[in-house]
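Here the protein sequences come in this chain order: X and L.
So in my numbering, the last spot in the first sequence is 293, and the numbers never skip.
So in my numbering, the last spot in the second sequence is 441, and the numbers never skip.
Think of the CB as a built atom: it goes at the ideal place given N, C-alpha and C, for glycine as much as any other residue.
Worksheet: the structure to be examined is printed underneath.
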Amino acid sequence: MSILSINNVSKWFENANGRTEVLKDINLEIAEGEFVAIVGFTGSGKSTLINMIAGLTSPSAGEILLKGKPITGPGHDRSVIFQNYSLLPWLTVYENIMMAVNEVYPTWDNHQKDQHVLSMIEMVNLSHAKSKLPKELSGGMRQRTSVARALSMNPDLLLMDEPLGALDALTRGNLQEEILNIWSKDKKTALLITNDVDEGIFMADRIIPLNPGPNATLGPEFVIDIERPRDKTSLNDNDAYKKLRNGLIEYLMDLGAQNKSGHKEELLLPDIQPNPPKRKFFFRRA
Amino acid sequence: MKTGTIDLPKNNEKSTFNIGLVLTNMSKKIWDGLKPKSSSKVIFTNLFYVSLSILLFFMFWYFGAKALYNIEANALIEAARKEGGDAAALKTSQCIYSGDLACKPNALPSPADVWNAGKSLYKDHQVLAASKAKFYTDNSALNAQLKATGQKTMVYTGRSSFIDKALKSLFTVFAGVLLAMFIAIPIGILVGLNANIKSMFNWIIQIFKPVSPVVWFLLVYMIVKTMSKSINMDKSFMISLISVSLCSMWATLVNTSVGVASVDKDYINVANVLQLGFFKRIFKIIIPSAMPMIFTGLRVTVSVAWMVLIAIELLAQSPGLGSFVWEEFQNGANDSNSKIIFAMFVIGIIGFMLDKIMLAIQHSLSFTK
Numbered sequence: 008m009s010i011l012s013i014n015n016v017s018k019w020f021e022n023a024n025g026r027t028e029v030l031k032d033i034n035l036e037i038a039e040g041e042f043v044a045i046v047g048f049t050g051s052g053k054s055t056l057i058n059m060i061a062g063l064t065s066p067s068a069g070e071i072l073l074k075g076k077p078i079t080g081p082g083h084d085r086s087v088i089f090q091n092y093s094l095l096p097w098l099t100v101y102e103n104i105m106m107a108v109n110e111v112y113p114t115w116d117n118h119q120k121d122q123h124v125l126s127m128i129e130m131v132n133l134s135h136a137k138s139k140l141p142k143e144l145s146g147g148m149r150q151r152t153s154v155a156r157a158l159s160m161n162p163d164l165l166l167m168d169e170p171l172g173a174l175d176a177l178t179r180g181n182l183q184e185e186i187l188n189i190w191s192k193d194k195k196t197a198l199l200i201t202n203d204v205d206e207g208i209f210m211a212d213r214i215i216p217l218n219p220g221p222n223a224t225l226g227p228e229f230v231i232d233i234e235r236p237r238d239k240t241s242l243n244d245n246d247a248y249k250k251l252r253n254g255l256i257e258y259l260m261d262l263g264a265q266n267k268s269g270h271k272e273e274l275l276l277p278d279i280q281p282n283p284p285k286r287k288f289f290f291r292r293a
Numbered sequence: 073m074k075t076g077t078i079d080l081p082k083n084n085e086k087s088t089f090n091i092g093l094v095l096t097n098m099s100k101k102i103w104d105g106l107k108p109k110s111s112s113k114v115i116f117t118n119l120f121y122v123s124l125s126i127l128l129f130f131m132f133w134y135f136g137a138k139a140l141y142n143i144e145a146n147a148l149i150e151a152a153r154k155e156g157g158d159a160a161a162l163k164t165s166q167c168i169y170s171g172d173l174a175c176k177p178n179a180l181p182s183p184a185d186v187w188n189a190g191k192s193l194y195k196d197h198q199v200l201a202a203s204k205a206k207f208y209t210d211n212s213a214l215n216a217q218l219k220a221t222g223q224k225t226m227v228y229t230g231r232s233s234f235i236d237k238a239l240k241s242l243f244t245v246f247a248g249v250l251l252a253m254f255i256a257i258p259i260g261i262l263v264g265l266n267a268n269i270k271s272m273f274n275w276i277i278q279i280f281k282p283v284s285p286v287v288w289f290l291l292v293y294m295i296v297k298t299m300s301k302s303i304n305m306d307k308s309f310m311i312s313l314i315s316v317s318l319c320s321m322w323a324t325l326v327n328t329s330v331g332v333a334s335v336d337k338d339y340i341n342v343a344n345v346l347q348l349g350f351f352k353r354i355f356k357i358i359i360p361s362a363m364p365m366i367f368t369g370l371r372v373t374v375s376v377a378w379m380v381l382i383a384i385e386l387l388a389q390s391p392g393l394g395s396f397v398w399e400e401f402q403n404g405a406n407d408s409n410s411k412i413i414f415a416m417f418v419i420g421i422i423g424f425m426l427d428k429i430m431l432a433i434q435h436s437l438s439f440t441k
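Here is the structure:
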């Protein structure tokens with residue numbers, strides 16, 4: 008049974024020069040407990056798609072159903088991990104997470120909330136930094152806080168909008184593994200948006216390219232049946248992985264090439280010939 | 073995969089809001105803001121140039137005052153010569169150069185004069201403080217009796233000293249800024265939140281912001297004069313307090329509205345995802361993120377309030393530094409000019425310290441490193 012279904016969703020923005028089309032005819036079904044990655048070029052409308060699922064913006068046409076009910080606004084059943092962490096800089100790690108817990112579980116008593124927040128902080132290995140402000144943390148630690156905040160809401164659907172995009176390669180790799188570990192504990196349904204093919208293949212069950220906009224649509228899906236837990240180093244020798252990766256990259260490269268050739272103009276070169284060197288009478292070399 | 077155990081502290085820190093901790097943290101941050109940040113060598117060089125400029129300043133003042141004094145003295149001698157001939161001129165010049173206060177030319181006081189005026193003001197304060205203390209010890213029995221019977225106790229109503237006046241001015245500014253905060257911050261938040269409210273308030277802000285303190289004073293005077301008929305209050309204090317806050321609140325109002333209107337989109341997204349209610353959104357997201365801007369505005373408000381206060385007190389006859397300056401000018405005693413200049417320095421130094429404190433508070437509230 009699919010937990011999230013996106014039916015013929017299009018999105019455009021009205022402005023003075025008419026409308027700017029972003030997404031067109033998006034169709035996607037995500038089953039419960041599935042980890043789906045959407046990979047695409049920057050500016051192809053990936054963030055717009057996830058904002059619509061999060062309820063921050065609404066689709067111009069079509070509908071998004073979560074457990075069979077249309078999405079009308081943000082809700083506690085979905086939580087978002089933003090690319091730029093979006094932590095409140097005046098609150099500590101603990102307080103940032105506590106704020107979410109307070110909203111989602113208003114009926115819990117203080118001890119219960121406290122325990123829940125501490126367990127979330129422990130899960131992302133930040134116990135030593137729980138009373139630090141975001142400005143005192145590194146990028147990776149900030150994103151872990153953001154992950155802990157999103158998971159503390161115990162959502163039905165976890166949305167990740169290029170969560171690791173702003174991190175360096177090493178931290179990125181570590182956090183990929185950590186997020187997967189956390190995810191594998193209770194197998195929440197997760198939707199990851201990324202521009203990194205390797206990240207998508209490493210983390211997801213299914214990976215779907217988003218054709219570049221305007222009027223971006225989803226491409227054919229690539230199912231990843233590589234057994235979990237996956238190991239980064241041995242993955243490199245895995246034939247299925249290699250095939251998948253090559254296929255995806257080829258597909259994306261073709262898309263990119265098509266996109267470029269679509270804009271190509273025939274340039275006429277002027278018909279000119281180089282001047283033949285004139286005979287020099289002076290300074291003639293021997 | 074991380075293996076390694078995590079030791080949670082046995083006694084889990086409670087999430088309760090500890091006001092004492094917050095205040096210590098804040099005062100530590102403020103102190104960090106006031107502390108010099110440079111190395112000792114830079115401080116030493118800096119100090120050298122500052123003292124050099126102070127020295128030059130006093131030299132300029134000393135010689136300038138001397139030149140002005142000579143012009144004034146020559147004019148006095150010439151005037152005497154015109155009236156009573158050379159003998160009178162000689163007598164006047166002898167009188168002037170003997171240092172007799174009776175025929176001292178009334179010119180810009182020298183640094184030494186101002187220093188002496190300061191000392192005499194302090195001595196005056198000690199005398200007045202002693203007489204005030206004596207008044208209260210003499211009447212302590214009577215006051216206790218009056219208090220016991222529930223009557224009004226006797227209050228010292230003698231002249232206030234220079235230090236009393238400075239404290240009164242500080243108190244007026246403090247109360248004025250508080251009033252300005254209570255008016256400007258809520259309105260600023262409303263203006264920043266809603267475009268319709270903004271258009272309602274925009275013309276008021278644009279028109280009344282540039283109005284001079286004197287006009288504000290007259291307006292407040294008109295209102296308070298009538299109000300004070302029905303309410304018993306310290307009229308001159310009320311007038312200066314309200315005028316000061318009306319003159320100075322605009323910076324806070326404008327900054328608050330800008331700060332509220334320009335809250336980072338990410339924080340608004342967080343509020344949306346968490347589905348915060350209206351008041352939670354304002355108090356947990358918008359106000360904290362606008363806090364640095366609000367305090368930037370308050371810093372301007374404090375410095376404007378202090379600057380305007382002197383003029384307002386002068387007009388309202390509230391017993392502060394402003395009226396002190398004006399009274400000394402009207403007084404025209406031979407050390408009045410020195411006292412005025414001394415008051416000028418005190419006003420400047422207090423204003424400087426107020427600004428420094430506000431700057432430190434402002435820094436302690438900023439989120440970025």
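Which first and last residues belong to the alpha helix (DSSP H) in which residue i is found?
i          : result
Gly-369(L) : 359-388
Trp-19(X)  : Here Trp-19(X) belongs to no alpha helix (DSSP H); instead the beta strand (DSSP E) covers 9-22.
Lys-31(X)  : Segment 25-38 is the beta strand (DSSP E) holding Lys-31(X); no alpha helix (DSSP H) there.
Ala-202(L) : 183-210
Does chain X have any CB closer than 8 Å to the CB of residue i?
i          : result
Val-372(L) : no
Asp-338(L) : yes
Asn-327(L) : no
Phe-439(L) : yes
Val-332(L) : no
Lys-191(L) : no
Ser-87(L)  : Note that Ser-87(L) scores 44 on pLDDT, short of 50, meaning its location in the model is unreliable; the coordinates nonetheless yield the value given after this. At least one chain X Cβ lies under 8 Å of Ser-87(L).
Leu-346(L) : yes
Asn-97(L)  : no
Phe-355(L) : no
Val-335(L) : no
How should residue i be labelled, buried or exposed, when 16 other C-beta atoms within 10 angstroms of its C-beta is the threshold for buried?
i          : result
Thr-117(L) : exposed
Phe-89(X)  : buried
Phe-355(L) : exposed
Glu-169(X) : buried
Val-124(X) : buried
Asp-407(L) : buried
Pro-66(X)  : buried
Leu-219(L) : Residue 219(L) is actually Lys in this sequence, not Leu. Per the 10 Å Cβ criterion, exposed.
Leu-346(L) : buried
Ile-259(L) : buried
Give the straight-line distance between the Cα atoms of residue i and residue j, rounded to the nearest whole angstrom.
i          : j          : result
Ser-17(X)  : Thr-224(X) : 9 Å
Val-186(L) : Leu-162(L) : 29 Å
Lys-308(X) : Glu-184(X) : Residue 308(X) is absent from the model: chain X starts at 8 and stops at 293.
Thr-328(L) : Gly-92(L)  : 27 Å
Gly-84(X)  : Ser-111(L) : Residue identity check: residue 84(X) is Asp in the sequence provided, not Gly. Looking at the two C-alpha atoms, the distance is approximately 54 Å.
Gly-82(X)  : Leu-265(L) : 23 Å
Met-167(X) : Val-286(L) : 59 Å
Ala-245(L) : Ser-165(L) : Before going further, note that residue 245(L) is Val rather than Ala in the sequence given. Whole-angstrom Cα-Cα distance: 47 Å.
Met-105(X) : Gln-119(X) : 11 Å
Asn-178(L) : Phe-129(L) : 22 Å
Asn-344(L) : Leu-63(X)  : 7 Å
Arg-26(X)  : Glu-143(X) : 43 Å
Lys-139(X) : Leu-94(X)  : 12 Å
Asn-211(L) : Ala-201(L) : 15 Å
Ala-189(L) : Phe-280(L) : 40 Å
Determine whether the Cβ of residue i lies closer than 8 Å to any Cβ atom of chain L.
i          : result
Ala-176(X) : no
Gly-50(X)  : no
Glu-110(X) : yes
Met-127(X) : no
If you follow the beta strand (DSSP E) that residue i is part of, which residue opens it and which one closes it?
i          : result
Arg-153(L) : Per DSSP, Arg-153(L) belongs to no beta strand (DSSP E); it is in the alpha helix (DSSP H), 112-169.
Met-167(X) : 164-168
Glu-70(X)  : 68-73
Interface positions of the segment 84-96 of chain X facing chain L (Cβ-Cβ less than 9 Å), listed along the chain: Listed by position, the residues of the segment 84-96 of chain X near chain L (Cβ gap below 9 Å) are Arg-85, Ser-86, Val-87, Phe-89, Asn-91, Tyr-92, Ser-93, Leu-94, Leu-95 and Pro-96.
Going along the segment 132-151 of chain X in order, which residues come within less than 9 Å of chain L, judged by CB to CB distance? Of all residues in the segment 132-151 of chain X, the ones placed with a Cβ closer than 9 Å to any Cβ belonging to chain L are Asn-132, Ser-134, His-135, Lys-137, Ser-138, Leu-140, Pro-141, Lys-142 and Glu-143, in chain order.
Members of the segment 54-73 of chain X near chain L, C-beta cut-off 9 Å: For the segment 54-73 of chain X, the set of positions with a beta-carbon nearer than 9 Å to some beta-carbon of chain L reads Asn-58, Ala-61, Gly-62 and Leu-63 in chain order.
For the segment 358-386 of chain L, enumerate the residues whose C-beta is nearer than 9 Å to any C-beta of chain X, in chain order. Contact annotation: in the segment 358-386 of chain L, residues whose CB is within less than 9 Å of a CB in chain X are Pro-360, Ser-361 and Met-363.
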